[in-house]
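As given, the protein sequences belong to chains W and V, one line each in that order. Each residue of the first sequence is one higher than the last, beginning at 0 in numbering that gives the first Met the number 0. Each residue of the second sequence is one higher than the last, beginning at 0 in numbering that gives the first Met the number 0. I have placed the structure first, in the form of structure tokens, so that the comments after it can refer back to it.
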Amino acid sequence: MSWLAGRLEDVVRRLEKQNQFSWLIPNGCCGHEIKNARLATYDWERLGVFKASHPEQANLLIVSGWVNSAVAEEIKVTYDRMIKPVCVIAIGSCAITGSPFDTFDPKRPPVTVSSLIPVDVYVPGCPPRPEAILRAILELQSKLNPGPSHREVLHEALRD
Amino acid sequence: MSVVKRPSQKSKWYIPGVLTGLGITIRHMFFNLLHRKDIFTIEYPEERYPYSDRFKGNHILTVKKDGSLRCTACMLCATYCPAECISITAAEHDDPNVEKYPISYEIDILRCVFCGLCEEACPVDAIRMGPEHQTAALAGSRFVYDINKLAYRPNLKGGVLSHVDDEERKARGL
Ligand code: SF4
Ligand code: SF4
Ligand code: SF4
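The structure is reproduced here in structure tokens:
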């Protein structure tokens, strides 16, 4: 029985790496680009990114926009509630370095996402194009599953 | 308690509604299967959206005819940049005709807001916004772009030639 449970665990872990269930914190103008990447024109479900209905069901956290104290609280609470391992994508200069609204006041440095939670992929831009967000997902998947992806294998097979 | 008035007796039953909805979904599915050309989803890694040539993407440092950097290290772009992400170290050139040149030119791409003000500020067309925009990368890779990356990255094929030419300017007395 424990052997079966172990195999089941393996299968679940492998599927977890191939599909991302995303939880979005789409603040600011970058949030519109995230929605653009999600909707029909770019449609990231093609790449295996689905929508989770609760942070506890998600294994991919996507953060964008300026991090004020309320959003910092939201990010920390959401990250704590997600079941590890979790991948984090930080989108836009606001979330990564806070530069668009930086006052250059050493007493009040901007809060960044990477100072709150560990970030896996950075998407520079203000705002980044939807392609850049899809590129971030491809980079993340190539990190989780080294070697050629199913998509590449399929395209190789179709080309011959 | 508020009472919602249904338009008809039939709409109390949800099964006809569900079947109507499923019918629409299935109709669209068959339509899309038969009209593959009309689907407007962009299959991203294989298919690209054609952006304009004036797109403000990653920066390009242009080069002179001999392949060295066009930049004169005047610091106008670094002063004008609203995000303060450009850092330049200037040095004196051996050639007396060239006043200064940058020994290091770094752009912190994570701070950059892609506003294009550096391109506007530059007096000698030494920095341009290029067409590349898919620059997402894993944490730990290099996000501070140096001269090698900005001017001589492989897809620029040895550098982009600047419009401003020193000999032409001298001939015109500029
Ligand atoms: S990075 Fe730029 S586009 Fe994104 S939320 Fe901040 S200001 Fe808006
Ligand atoms: S595009 Fe704007 S933010 Fe980026 S380097 Fe140029 S001036 Fe600075
Ligand atoms: S890129 Fe242009 S504006 Fe910036 S230092 Fe060089 S010459 Fe001056």
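We treat Cβ as the ideally placed atom computed from N, Cα and C, and that holds for glycine.
What is the residue span of the beta strand (DSSP E) that residue i lies within?
i	result
C80(V)	Here C80(V) belongs to no beta strand (DSSP E), and DSSP marks it neither H nor E.
I61(W)	59-63
I102(V)	99-107
V10(W)	Premise fails: V10(W) lies in the alpha helix (DSSP H), 1-17, not in any beta strand (DSSP E).
A50(W)	Checking the displayed sequence, the identity of residue 50(W) turns out to be Lys instead of Ala. Segment 48-50, the beta strand (DSSP E) holding K50(W).
Distance cutoff 9 Å, beta carbons only. Does residue i sit that close to anything in chain W?
i	result
E105(V)	no
F29(V)	no
C121(V)	no
R110(V)	yes
Y79(V)	no
H132(V)	yes
R152(V)	no
R47(V)	yes
T19(V)	no
L137(V)	yes
I41(V)	yes
P15(V)	no
E118(V)	no
C114(V)	yes
C76(V)	no
Using a Cβ-Cβ distance cut-off of 9 Å, determine whether residue i contacts chain V.
i	result
C125(W)	yes
P177(W)	Examination of residue 177(W) is not possible in this model, given that chain W is present from 0 through 159 alone.
H31(W)	no
H149(W)	no
A4(W)	no
S114(W)	no
R37(W)	no
V110(W)	no
A156(W)	no
I95(W)	yes
A131(W)	yes
T77(W)	no
T102(W)	no
V85(W)	no
K34(W)	no
P117(W)	yes
S98(W)	yes
V120(W)	yes
E73(W)	no
D42(W)	yes
For residue i, write down the residues that DSSP places opposite it in a beta bridge.
i	result
P25(W)	S63(W)
H58(V)	M128(V)
C86(W)	L59(W)
Y144(V)	I106(V)
Y121(W)	A89(W), A136(V)
F20(W)	F49(W)
A72(V)	DSSP, once it has assigned bridges, lists no residue as partnering A72(V).
L160(V)	V62(V)
I87(V)	Y104(V)
Within the present structure, is the beta-carbon of residue i separated from the nearest heavy atom of ligand 2 by less than 8 Å?
i	result
E118(V)	yes
P81(V)	yes
V143(V)	no
C73(V)	no
V123(V)	no
F113(V)	yes
K55(V)	yes
H58(V)	yes
C84(V)	yes
Starting from residue i, follow the alpha helix (DSSP H) in both directions and report where the run begins and ends.
i	result
F29(V)	13-33
K75(W)	68-80
Y41(W)	Counting along the chain, Y41(W) falls outside any alpha helix (DSSP H), and DSSP gives it neither H nor E.
V152(W)	149-158
A120(V)	116-120
E130(W)	129-143
K169(V)	165-171
Does ligand 3 have even one heavy atom less than 8 Å from the beta-carbon of residue i?
i	result
L160(V)	no
P44(V)	no
P101(V)	yes
A90(V)	no
R168(V)	no
State yes or no: is the C-beta of residue i nearer than 8 Å to some heavy atom of ligand 1?
i	result
S113(W)	no
F100(W)	yes
S63(W)	yes
C28(W)	yes
For ligand 4, is there a heavy atom less than 8 Å away from the beta-carbon of residue i?
i	result
S92(W)	Ligand 4 is absent from the structure shown, which contains only ligand 1, ligand 2 and ligand 3.
List the whole-angstrom C-beta distance separating residue i from residue j, where the pair is believed to meet the contact cut-off of C-beta under 8 Å.
i	j	result
L137(W)	L46(W)	7 Å
D119(W)	C86(W)	5 Å
I59(V)	P123(W)	So it is not a contact: roughly 16 Å between Cβ atoms.
F39(V)	A39(W)	7 Å
L149(V)	Y104(V)	7 Å
V112(V)	C125(W)	4 Å
V62(V)	G158(V)	4 Å
A4(W)	P129(W)	That pair is no contact at about 41 Å.
V48(W)	V112(W)	About 19 Å separates the two Cβ atoms, so there is no contact after all.
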